[in-house]
Structure formats: structure tokens, C-alpha cells
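Chemist: So that we are looking at the same thing, I have put the structure below in C-alpha cells.
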Amino acid sequence: MRIAISLLSELIEKYPIVVALLPTGYGKSRFFQYRSHLVDTLGKIVHVLPLRAIVSELAENLREKFGDSVGYQAGIYVDDVDKTPFLTSRYTVTTFDSFFMNFYGIPVSEMWRTVWHSDVAFLTSRCSHIVLDEVHLIATPEEIDNVEQEFAKIVMVIKDLIRWNLKVKLKTIILTATFYPWIFKYIFPSEAKGKIAILLYASEDHEYNLQVRKILAETAKIETIWDEKDEFYTKFKNYTEKVPTYLHYMNMNETVNNLLKDKDLGSKVALMFNSVKRCISFFESYADMFRKAGYEVVLLHGQMTSYAREKSLNSLSKLSRVALFSTQVVEAGVNLDFNTLITEVAPPHALIQRIGRVARYGVQNGENYEVHIVIGGENFSTGIHDMCRGIYDAKMAEAVISYLAREASTNTRCRKVKVNWRLPSGDLDYLKLLTLVEEYVLPTTSRISGFLDILTHYRQRTFNILKIIDEEFNGSFVRSAALLPLYLGPIKEITNGDGINTLLKRYVVSISKNLIESNYNKILEIEVEGQRKYVKLVLLINDQQVKALQGPTITQLIHYPLSSLHQYLTRIRKELREVEGENPTIYYLGLQANRNIRFNEELGYIIW
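Written out as C-alpha cells, the structure reads:
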């Protein structure tokens, strides 16, 4: 029996704000499957997740338990589960992007339409109990120029949600394995004092617990659970001896070559990269080598088509001997179990999640398990910065690797270190690593707070709302920049019955506005008129024809991604005489990809 599940249920019934900090693989995301009576007691629930791949899996699992009362909202298609654009199902599973857009009155499913049902999106998202799951994936600083400001944005949005839920007597439930202790200092509004319960899987004298108690003082009820009879404890009490960790002071190529030559990697191997580009490049270079070693190879990352992503996830659940090449998309919620992990160095929250996929269901007799962290060359600072640049704050990774290196038993290019990545026990464990990262100091947040207040209390014209989000939030409430669709399919008459869902699944990938800014000549089809460079917008018209029409300039797109696209799409709809308020006849598929971009349709990825 997993004792923390019962205690979490009791805390949710008693407190309006509950944070459960439980180990990876403990069953947090599927908590309501185990405690279905709470769904009946609470009523309407919106379960918010960081990644679309997790939305699909969780929605399918919940439907088996709750039937047609489960719905989802994300830019994907889930078999046998109803899509609910306005989050109206009894139990809705959605992404952070979709939820917070709706929360501030921007109906994500109508983003590119001329007429919005803004009031519906606003109200339905604000009359539900909210579960923020794996929130560390959005509430952790990234390596960007204005990291403190971006972190402040995310913290303020979460704080604003909690404040609203307190005001209208709705619950906020936060589930995570990897919160840095100092984040607790920032996410709770002053109104939350005395209304917070923290459930922490650790002993009373653990350093993490001591830091959290010092930060929250009299603000929250802190419950710790540490029981050797707990089923999870018994599964992982011998983890440190059974799952060794190795630090490799060499690059990924040398590490993989050595391991394939000298080691038994087991039946399931995961190779994880910080960047999509490196993941694809390595997949193309090493897939055949793993095939020759008897593995089926699978690719999974955040810039795939939904068709390819779904195919990869299905393959992973069926294959008995597999090598997965992946990025952060499997860091949370996806129930995968591996013998060996080979990963690029990353901050502790990311490493903990990745390593949580090794022996996920416990150490099995006769199986070999290992964790390999690739640091780069012998100058580990340079290696860390190279592998984290543009994705993570390298200082967070460097602090932890420095500590692990001091604890290592050898001083060679491959160093063994004992870490319990699943239980907070022993001399060195995953919660201890979370206490090593220095706190970020937030800048003044009054400006952000003021704009969130405007979005909450004043209904404005569509263009004005999107312009505020572009100017003050860089196009996203929870990301460093807006995600935009890129269309890679044919521009032609539709003759084979391909509808909107087929085109979106097979030919559209999501890319960050920041990636477009630095690589637009390679990624986008550009139309030059005089001194101006225009992007092309791909539309499905009357379900009969895919057309590419002129959109905003690249400068407009970079500075105003949401509002400039909406402005041009509105203009196009008027020119093509679409009737406002009636069923749309024009569907926006995405920005037209550069004709020379390499697109692997079957595996769903691009090379630029």
C-alpha cells in the first residue's frame, strides 16, 4: 500500500491548497483513479499537464475509469475521448498553454478565428478545481537572457490562479517530484496563509524538509511521510546498490561507443538529449548501430507531428528490446521503464525525472540497471554550458555536478557515484540535490500583476488582448516564447478526402518563436517585396483546397507573434468572405515551411 495516497486524499478534503511532493513513479498523476470518490465529492476538475504526450495517455487511462465524463483539450487527437475546447467535461485533461489561455479569456480552440467566445472560455476555466501536475517543468528557470523576468512571469500566473481559487472557494492541487525549496517562497499569495498543506515524502530531519519549514514557517501545514512499510519504500530501499550512476567526462559519441562495446545495456535503453536538433542528429548517426546490436529504435521529441508521436508511443509500449532517442518529453507522466539511461547533463530537476524512468516499477531480479550522465570533456564547466546552452540554466547543472564529482569513488574519465534517485534516503539522494541550487531573486512583479488584473477584470477587443500577451508575456503565459504551428505538407487541391485532422496530424509541428527568430531563413518560406520579408500562411479553404497566402512580415511575427497572425488571418477571412459567427470555412494550418527544409514524414521531424 502506498500510504501517501491515502494521506493526500485526506489533505485535499481539508485544505483549499495542497502540494504533494512525492517521488517519481509514485502514482501522482493517476491519483484520482485510485481515489475516484473524490471526483464525485469535488465535482468538476481540470487536470493540467506540461506536455501533450502525457495528456493523451492520461486521458485514455482516466476514460477507462470514468467513461464519457472525461474530456481533453490539446493540439492532438485522442482516440475514444471527447475533445472539450472550453474545458466543460466533468474531468478535463489539458496542457498548461491551453488552460492559462482559457483562464484569461482567450479560447485556445478559437485563437485564429475572427469571433471568440471569450466569456465562455473565461468562466468555464474558473469554475473548476485545478490540478497542476508536474508543474516543475514550467516553474523552473530556463537559460534565456532575461531568466529572472521569465521566472517571475510563470510564478505570478500560478499565484494568480491560486488567489482566484481561494476567492471562489475552489481547490488548487499541485503535484510534483522536483520542486526547488525556494520556489515555495514565491507561488503562494498572502491570502493563502493557513490554508496550505504540503505533503512531503521524506523524514522529519531531511535537509529538504528543514528548508521548506524555514521558508513557510507558520504559513502552511507540512506533513511528512516516511514509513518503511510503505510499498514504494520496500521497492526502492536497495536502489543505490542496484542502480549505479556514472559520470562521463567525455562527449556523447565516445560514451555511447564505449558502452555499446563494453556493457550489457539491458533490453531497454534511453538516450536523452537537451536539444531536439542534437537528438535528431544523434538518432540519424547511431540508429543503425543500435539496430545491429539487436534493438528496435524509436525517436520521440517535442517537434514531431502528432501522427509520428502517437506511433512512437505505441511502439514503446509493445517492443521488448528498444533504444529510445528522446528529449525532455518523457521527463514527466509517461510510464516508460528502462534498464539503462544515457543522458546529457542537465539541472537536477530534469535529471531526477529522466532517471525516474530507470527501474520505474522497482528493481527486478536478474535485470541490469545503470545511469550514465554525459558531462563532456574533462573541463566539465565547458561541457555543461555546451549541452545546456539555450535550454537550461547551466549554473543549476554545474552546482549539482560539482557536488556529485566530489562524492564520486574514482577520479577517472568515468566516475561512479552512489545516488538514490527514487528515495530520499542515505547520504546522497534526489531531494538533497534539489537543495543545492541557489535561489533566484525575482524582480519587481507589479507590472505583470497589473496586466493579469486587466485580463481578469476587463474584457477587451481580441487584437488588444493578444497584443498585451505578445508585449508583456512574449506570446505565452508559461513558456519563454509562443509556440507556433509550422506546416510541412502539400499546397494543393484536396482530392483524396484528407480533412483538417489528417493535415494537422501528419504535416504540422509546433516550434518556438525564439527558434524562428534565429533560424527563419532556414525554417520558413519567405516572400520578399522590396525591403520587406513576408511569411506565408497556409490555409484549408472549404475543405477543398490548401493555399499559401501572404502573412505578416518576419519582423511583425517575431515581435507580435499572436496579434500579427490574428490580424492577417482576420483580413484574409474578410477577403474570402467568410461569414462571422457561422461555421468557419477557412482553417489556419500553420506557417509555410521553407521548401528546402528536410522533412521526414514517416518519423515526423525536420532538419534545418
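Those letters in the sequence shown? Residues 588 to 1195, by my numbering.
Backbone N, C-alpha and C define an ideal beta-carbon position, used for all residues, glycine too.
The structure displayed is predicted, hence computed values, not measured ones.
(1) What is the DSSP secondary structure of T628, reduced to helix, strand or coil?
(2) If I follow the unbroken alpha helix (DSSP H) through L571, where does it start and stop?
(3) Taking the DSSP output, what are the residues bridged to N1007?
(4) Would DSSP call G1117 helix, strand or coil?
(5) Which two residues bound the contiguous alpha helix (DSSP H) that contains K822?
(6) Just to confirm, is the Cβ distance from V856 to T927 under 7 Å?
(7) Beta strand (DSSP E) containing T806: first to last residue?
(8) On a CA-only basis, which of L786, T711, E721 is nearest R752? Give me that one, please.
(9) What does the Cβ neighbour count give for H1044, buried or exposed, with the cut at 16 atoms within 10 Å?
(10) Kindly indicate which three-state DSSP category D720 falls into: helix, strand or coil?
(11) Touch check for the segment 1015-1024 and the segment 931-939: three-plus C-beta pairs under 8 Å?
(12) Spell out a yes or no on whether the segment 902-921 and the segment 740-749 are touching, meaning 3 or more CB-CB pairs, one atom from each, closer than 8 Å.
(13) Can you tell me whether DSSP reads I1193 as helix, strand or coil?
(14) Going by the CB atoms, is the gap between A874 and V884 shorter than 7 Å?
(15) Taking the C-alpha atoms as reference points, what is the distance between T842 and E897?
(16) When the Cα of Y1121 is compared with those of E1112, I1128, L1127, N1129, which residue comes out closest?
(17) Quick one: give me the first and last residue of the beta strand (DSSP E) that P1072 is part of.
(18) Classify V1028 as buried or exposed, calling it buried when 16 or more other Cβ atoms lie within 10 Å of its own Cβ.
(19) Who are A981's beta bridge partners in DSSP?
(20) Short of 6 Å in beta carbon distance, which residues of its chain neighbour K808, apart from the five on each side in sequence? Order them along the chain.
(21) Output needed for Q1200: all residues of its chain with C-beta closer than 7 Å, excluding positions within five of it in sequence on either side, in chain order.
(22) Is there contact between the segment 757-777 and the segment 590-609, where contact requires at least three CB pairs shorter than 8 Å?
(23) Count the other C-beta atoms from every protein chain shown that fall within 10 angstroms of the C-beta of P637, then say buried if there are 16 or more, exposed otherwise.
(24) If we ignore side chains and look at the alpha-carbon of each, how far apart do A933 and V1006 end up?
(25) Just curious, the beta strand (DSSP E) that E957 is in, first and last residue?
(26) Should V722 be labelled buried (16 or more other beta-carbon atoms within 10 Å of its own) or exposed?
Modeler: In short:
(1) For the purposes of this step, residue 628 is taken as residue 41 along the sequence shown, with counting starting at 1. Reduced to three states, the DSSP call for T628 is helix.
(2) As shown, the chain starts at 588 and ends at 1195. That puts residue 571 outside it, with no answer to give.
(3) Position 420 of the sequence shown holds residue 1007. According to DSSP, N1007 bridges with D1016.
(4) Locating residue 1117 in the sequence shown gives position 530, counting from the first residue. G1117: coil per DSSP, three-state reduction.
(5) Within the sequence shown, the letter at position 235 stands for residue 822. Counting along the chain, the alpha helix (DSSP H) containing K822 begins and ends at 818-823.
(6) Position 269 of the sequence shown holds residue 856. Position 340 of the sequence shown holds residue 927. Yes. Within cutoff.
(7) The count along the sequence shown starts at 1 and reaches residue 806 at position 219. Taken as a continuous stretch (DSSP letters only), T806 belongs to no beta strand (DSSP E), as it is neither H nor E.
(8) Sequence index remark: in the sequence shown, residue 752 carries index 165 (1-based). Looking at the sequence shown, residue 752 is not Arg but Asn. It is T711 whose Cα lies nearest to the Cα of N752.
(9) Translated into positions along the sequence shown, residue 1044 becomes position 457. H1044 is exposed by the Cβ-count criterion.
(10) By 1-based counting over the sequence shown, the position of residue 720 is 133. Strand, per DSSP.
(11) yes
(12) no
(13) Position 606 of the sequence shown holds residue 1193. Here I1193 sits in strand by DSSP.
(14) Residue 884 sits at position 297 when you count from the first residue of the sequence shown. Residue 874 sits at position 287 when you count from the first residue of the sequence shown. Against a cut-off of 7 Å, the Cβ pair of A874 and V884 comes out as a contact.
(15) As a position in the sequence shown, residue 842 is number 255, starting the count at 1. As a position in the sequence shown, residue 897 is number 310, starting the count at 1. Distance between the alpha carbons of T842 and E897: 30 Å.
(16) Translated into positions along the sequence shown, residue 1121 becomes position 534. Ranking E1112, I1128, L1127, N1129 by Cα distance to Y1121 puts E1112 first.
(17) The residue you call residue 1072 lines up with position 485 of the sequence shown. Taken as a continuous stretch (DSSP letters only), the beta strand (DSSP E) holding P1072 covers 1070-1074.
(18) Residue mapping note: residue 1028 aligns to position 441 of the sequence shown, counting from 1. Classification of V1028: exposed, given that the 10 Å Cβ count is below 16.
(19) Position 394 of the sequence shown, counted from the first residue, corresponds to residue 981. DSSP lists no partner for A981.
(20) Within the sequence shown, numbered from 1, the residue matching residue 808 stands at position 221. Once the five neighbours on either side are set aside, the close Cβ partners of K808 are A784.
(21) With the chain represented from 588 up to 1195, any question about residue 1200 goes unanswered, as that position is not in the structure.
(22) yes
(23) For the purposes of this step, residue 637 is identified with residue 50 of the sequence shown, where counting begins at 1. P637 comes out buried.
(24) Indexing the sequence shown from 1 puts residue 933 at position 346. Indexing the sequence shown from 1 puts residue 1006 at position 419. The straight-line gap from Cα to Cα measures roughly 16 Å.
(25) Here the question's residue 957 lines up with position 370 in the sequence shown. Segment 957-961, the beta strand (DSSP E) holding E957.
(26) Within the sequence shown, the letter at position 135 stands for residue 722. Classification of V722: buried, given that the 10 Å Cβ count is 16 or more.
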